[in-house]
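K.L.:
In full-length UniProt numbering, the protein residues as written are 1 to 180.
(1) Any idea what DSSP makes of residue 164, helix, strand or coil?
(2) Helix, strand or coil for residue 47? Go by DSSP, reduced to three states.
(3) Have a look at residue 160 and residue 118 and give me their C-alpha separation to the nearest angstrom.
(4) Taking buried to mean at least 16 other C-beta atoms within 10 Å of its own C-beta, is residue 82 buried or exposed?
(5) Could you pull out every residue in the same chain whose Cβ sits closer than 6 Å to the Cβ of residue 151, ignoring the five residues on either side in sequence?
(6) Relative to the alpha-carbon of residue 94, which residue among 74, 58, 46, 48 has its alpha-carbon at the smallest distance?
(7) Who are residue 75's beta bridge partners in DSSP?
(8) Measuring alpha carbon to alpha carbon, tell me which of 54, 141, 114, 111 ends up nearest residue 128.
(9) Are at least three pairs of beta-carbons, each pair with one atom in the region 99-114 and one in the region 66-73, less than 8 Å apart?
(10) State yes or no: is the C-beta of residue 42 within less than 8 Å of the C-beta of residue 115?
(11) Please determine, among 91, 111, 156, 88, the residue with the shortest C-alpha to C-alpha distance to residue 97.
(12) Compare the C-beta of residue 73 with all C-beta atoms of chain B and state if any pair is closer than 8 Å.
This is how it looks when you write it as structure tokens:
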């Protein structure tokens, strides 16, 4: 009899919280900590951080757009050419916003948009689009930091997309051509 009573007591403690959760929170209620899944709370990296690229005769430009409440780490940007005869010079980055990061200390970050660029270094005149490997890392304000991401992107010859058109009031990291 003691064993049956002990079993029923344990079963009651297990079943009661489950039943209470079902009654207290409607299915799909986002206020419930029991109905949340970490995968649903955060965007995939490719949606949180969108990239676009273009080039002119001298430079390659990469524009990043971070989703609302997401930011990019300044110290994690890198680019490399996927063409054997083409290299890029030093990456030009704006200063970014200072932040005290819980695990990284004092760093600079970019919210919303950032435009980076690098000089094209090639022995011959480069025509056509360039294939680039872009490395970056970002986080969500809610605490998720993504591992460093690498994206292959093509930078066609031409003008910047409208979202990255440079205006005189925009910080351009000191470039005389109007972009970093």
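Cβ coordinates follow ideal geometry from the N, Cα and C atoms, glycine included. Just so we're clear, the structure is a prediction, and the values are computed from it rather than from any experiment.
P.N.:
In terms of the structure at hand:
(1) helix
(2) helix
(3) 15 Å
(4) exposed
(5) 51, 134
(6) 74
(7) According to DSSP, residue 75 bridges with nothing at all.
(8) 54
(9) yes
(10) no
(11) 111
(12) Here there is only one protein chain, and chain B is not present.
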